[in-house]
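Student: Line by line, the protein sequences give chains A and B.
The opening residue of the first sequence carries number 1 in the working numbering; numbering runs sequentially from there.
The opening residue of the second sequence carries number 213 in the working numbering; numbering runs sequentially from there.
Next up is a structure, given as structure tokens.
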Amino acid sequence: MINKDSFSSVQLDILKEIGNIGAGNAATALSKLLNKKIKMTVPMVRIVSYDEMMQLAGGPDEKVAAVFLQFDGKISGNMFFILSTAKATSLIRSITGLTEFSFDNPDCSELAYSAFQEIGNILAGSYLSSLSDFLQISLVPSVPAVSVDMFGAIITYGLIEISYASDFAIVIETEIKDPSAANGNNSVRGHFFLLPDPDSFKKLFSKLGVES
Amino acid sequence: MAAGSQVVKVGLADMKIAKAPDTIRTSGLGSCVGVVLYDLTKKVCGMAHIMLPDSSLARGATVHPAKFADTAIPGLIRMLEKEGCRKDQLRAKIAGGAQMFKFSSSSEIMRIGPRNVEAVTHWLKKFSIPVTGQETGGSSGRTIEFDPDTGKLFIRTVNLGEKVI
Chain A
1 MINKDSFSSV
11 QLDILKEIGN
21 IGAGNAATAL
31 SKLLNKKIKM
41 TVPMVRIVSY
51 DEMMQLAGGP
61 DEKVAAVFLQ
71 FDGKISGNMF
81 FILSTAKATS
91 LIRSITGLTE
101 FSFDNPDCSE
111 LAYSAFQEIG
121 NILAGSYLSS
131 LSDFLQISLV
141 PSVPAVSVDM
151 FGAIITYGLI
161 EISYASDFAI
171 VIETEIKDPS
181 AANGNNSVRG
191 HFFLLPDPDS
201 FKKLFSKLGV
211 ES
Chain B
213 MAAGSQVVKV
223 GLADMKIAKA
233 PDTIRTSGLG
243 SCVGVVLYDL
253 TKKVCGMAHI
263 MLPDSSLARG
273 ATVHPAKFAD
283 TAIPGLIRML
293 EKEGCRKDQL
303 RAKIAGGAQM
313 FKFSSSSEIM
323 RIGPRNVEAV
333 THWLKKFSIP
343 VTGQETGGSS
353 GRTIEFDPDT
363 GKLFIRTVNL
373 GEKVI
């Protein structure tokens, strides 16, 4: 059973470092893809109730573009890459050159969706593979899936496995953004949410020798 | 909505009661199912935001009743009976249970929406509560708001607009 006091400060620091390594590599991958400088923020590790979880990224009703994948292996869990629809639209426009395209348009092109899925795949893939290098364990990611819908409806998929065991979730959150356009519409600003399954923490900490 | 009325908010894995002129709302239903039990003669209703079909798979020390279909529905009935409702006066409306993601592998988690709907339907039938409105399945997230005065359930989606059942 996980609750707010489950982890020592050393363990929380390790979870932060995981967010750092993962998102750092993902930011590098995105930077290469866009040929732009991409910055990332210091990762946050939060132990959140379900209601707090729903309030991340603008609240449950907020329309977002999300790539979701699950990973399996020695440790398992869920990973999301989430952008507001405006940011996802400008990202896809700059990559595909489809200037008319918008995620706010319900019948937007299949090509844009698969481009978004592929970007999510590259970013999540580099996040997870750097994690797997760091931890020296194999992680097998699923094929990523895309949804453009309410944040609350999407993020609950990450809670299904957790919710059999606990009323709290541990979220490792990292934000990446394009520093050249501070508030402009061309800036990229996305969130990675990593939600390891409850059983994974023990394995993770014992692997790194920081069992409490 | 009448003046001075409030909107009661139901969170994820949560259940609450509302009385007219108040309304009751839950946001961001994806694979989860929102269940409303209402009594139009008393103008009282209860809403649950259910995440999972079956509490027997729970591994935690305590079972959170609103999380599971098999515990939330009897839980809602008890809450409404405390408010003076009679079980045979209760009616149900349900929404949610979508499949937000289409994975090529048909893993169990991806089918959780339809399984939630099946479980909710099963338990409503078991307690002989007629379902007077249903908007389930599909691939859209839903935010729902119920008015216990009129018995109407307002359903909002981001891609397919609004609907009333």
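Backbone N, C-alpha and C define an ideal beta-carbon position, used for all residues, glycine too.
These numbers come from a predicted model, not from an experiment.
Would you tell me roughly how many angstroms separate the C-alpha atoms of A/Phe101 and A/Gln117, rounded to the nearest one?
Tutor: Each residue's alpha carbon lies about 15 Å from the other.
Student: Is B/Ala260 closer than 8 Å to B/Met312 when the C-beta atoms are compared?
Tutor: No, they are not a contact pair.
Student: Would you mind reading off the limits of the beta strand (DSSP E) that contains B/Asp251?
Tutor: Looking at the DSSP string, the run of the beta strand (DSSP E) that includes B/Asp251 is 245-251.
Student: Using a Cβ-Cβ cut-off of 8 Å, state whether B/Ser268 counts as contacting chain E.
Tutor: Absent here is chain E; the protein component of the structure consists of chains A and B.
Student: By a C-beta neighbour count over all protein chains shown, 10 Å radius and 16 as the cutoff for buried, is B/His334 buried or exposed?
Tutor: The residue in question, B/His334, is exposed, as its Cβ has fewer than 16 Cβ neighbours within 10 Å.
Student: Can you give the Cα-Cα distance for A/Ser138 and A/Thr89, rounded to whole angstroms?
Tutor: Rounded to whole angstroms, A/Ser138 to A/Thr89 spans 33 Å at the Cα level.
Student: Please go through the same chain and pick out, in chain order, the residues whose beta-carbon is closer than 7 Å to the beta-carbon of B/Lys375, but skip the five residues on each side of it.
Tutor: Counting only Cβ-Cβ distances below 7 Å, and skipping sequence neighbours, we find Glu347, Ile367.
Student: Tell me which same chain residues have a C-beta within less than 6 Å of the C-beta of B/Met213, skipping the five on either side of it?
Tutor: Reliability fails at B/Met213, whose pLDDT of 47 lies under 50, so the model's placement of it is uncertain and the value that follows must be treated cautiously. There are no such residues.
Student: In chain B, what lies closer than 8 Å to A/Ser147 by C-beta?
Tutor: What A/Ser147 touches in chain B: Met312, Phe313, Ser351.
Student: Assuming A/Asp197 contacts A/Gly77 (C-beta within less than 8 Å), just tell me the rounded distance between them.
Tutor: With 8 Å as the limit, A/Asp197 and A/Gly77 qualify as a contact, their Cβ atoms being about 5 Å apart.
Student: Strictly below 8 Å CB to CB, what residues from chain B border A/Thr89?
Tutor: By Cβ distance, chain B contributes nothing, its closest Cβ being about 14 Å from A/Thr89, past 8 Å.
Student: So is A/Ala165 in contact with chain B if we call contact Cβ pairs under 8 Å?
Tutor: A/Ala165 counts as touching chain B.
Student: Considering only residues of the same chain and omitting the five flanking positions on each side of B/Ala281, which have a CB-CB separation below 6 Å?
Tutor: Correct list, in chain order: Ile262, Pro265, Ala331, Val332, Trp335.
Student: A/Arg189 by DSSP, collapsed to three states: which one?
Tutor: Three-state result, A/Arg189: strand.
Student: Can you confirm whether A/Gly152, when its beta carbon is compared against all beta carbons of chain B, has any partner nearer than 8 Å?
Tutor: It does; some Cβ of chain B falls within 8 Å.
Student: State the start and end residues of the unbroken alpha helix (DSSP H) segment that holds A/Gln55.
Tutor: A/Gln55 -> alpha helix (DSSP H) spans 50-55.
Student: Strictly under 8 Å for the Cβ-Cβ distance: is A/Pro196 near chain B by that measure?
Tutor: Taking Cβ atoms only, chain B never reaches closer than 8 Å to A/Pro196, which makes this a no.
Student: DSSP on A/Gln117, reduced to helix/strand/coil?
Tutor: Helix at A/Gln117.
Student: Evaluate B/Asp300 with the Cβ neighbour count: other Cβ atoms within 10 Å of its Cβ, from every protein chain shown; 16 or more gives buried, anything less gives exposed.
Tutor: Burial call: exposed.
Student: Rank A/Leu34, A/Tyr157, A/Ile162, A/Arg189 by C-alpha distance to the C-alpha of A/Leu69 and give the top, closest one.
Tutor: When each option's Cα is compared against that of A/Leu69, the closest is A/Tyr157.
Student: Does the distance from the C-beta atom of B/Val247 to that of B/Ala304 stay below 8 Å?
Tutor: In this structure, B/Ala304 lies closer than 8 Å to B/Val247 by Cβ.
Student: Please state whether the Cβ-Cβ distance between A/Gly152 and B/Gly349 is less than 8 Å.
Tutor: In this structure, B/Gly349 does not lie closer than 8 Å to A/Gly152 by Cβ.
Student: Residues of the segment 57-85 of chain A in Cβ contact with chain B at a cutoff of 7 Å, in chain order, please.
Tutor: Taking 7 Å as the Cβ-Cβ cut-off against chain B, the residues of the segment 57-85 of chain A that qualify are Pro60, Asp61, Lys63, Phe68.
Student: Would you grab the beta carbon distance between A/Leu123 and A/Phe81 for me? Rounded to a whole angstrom, and I think it's under 8 Å.
Tutor: Their Cβ separation, rounded to whole angstroms, is 6 Å, which keeps A/Leu123 and A/Phe81 in contact under 8 Å.
Student: Whole-angstrom Cβ separation of B/Pro360 and B/Lys221, contact assumed at under 8 Å?
Tutor: Not confirmed; about 15 Å, so no contact.
Student: Roughly how many angstroms separate the alpha carbons of B/Ile229 and A/Phe205, rounded to a whole number?
Tutor: Near 43 Å, if we compare the C-alpha coordinates of A/Phe205 and B/Ile229.
Student: So within the segment 263-346 of chain B, which uninterrupted beta strand (DSSP E) runs reach at least 3 residues, ignoring any that extend past its ends?
Tutor: Runs of the beta strand (DSSP E) inside the segment 263-346 of chain B: 303-308.
Student: Apart from the five residues on each side of it in sequence, which residues of its chain come closer than 6 Å, Cβ to Cβ, to B/Ile324?
Tutor: Here the set comprises Ser243.
Student: Can you say whether B/Lys294 is buried or exposed, counting buried as having 16 or more other CB atoms within 10 angstroms of its CB?
Tutor: Exposed, by the Cβ-count rule.
Student: CB A/Met54 to CB A/Ile172, shorter than 8 Å?
Tutor: Against a cut-off of 8 Å, the Cβ pair of A/Ile172 and A/Met54 comes out as no contact.
Student: Please state whether DSSP places A/Ser90 in a helix, a strand or coil.
Tutor: Helix.
Student: Helix, strand or coil: how does DSSP classify A/Ala124 here?
Tutor: A/Ala124 falls in the helix class under three-state DSSP.
Student: Cβ closer than 8 Å: which chain A residues qualify as neighbours of B/Ala225?
Tutor: Correct list: Tyr50, Ser163, Asp167.
Student: I think B/Asp251 touches B/Leu302, with their Cβ atoms under 8 Å apart; what is that distance to the nearest whole Å?
Tutor: Indeed they touch by this definition, with Cβ atoms about 6 Å apart.
Student: Comparing C-alpha positions only, which one of B/Val343, B/Thr274, B/Glu357 sits nearest to B/Gly223?
Tutor: Looking at the Cα atoms, B/Glu357 is the closest of the given residues.
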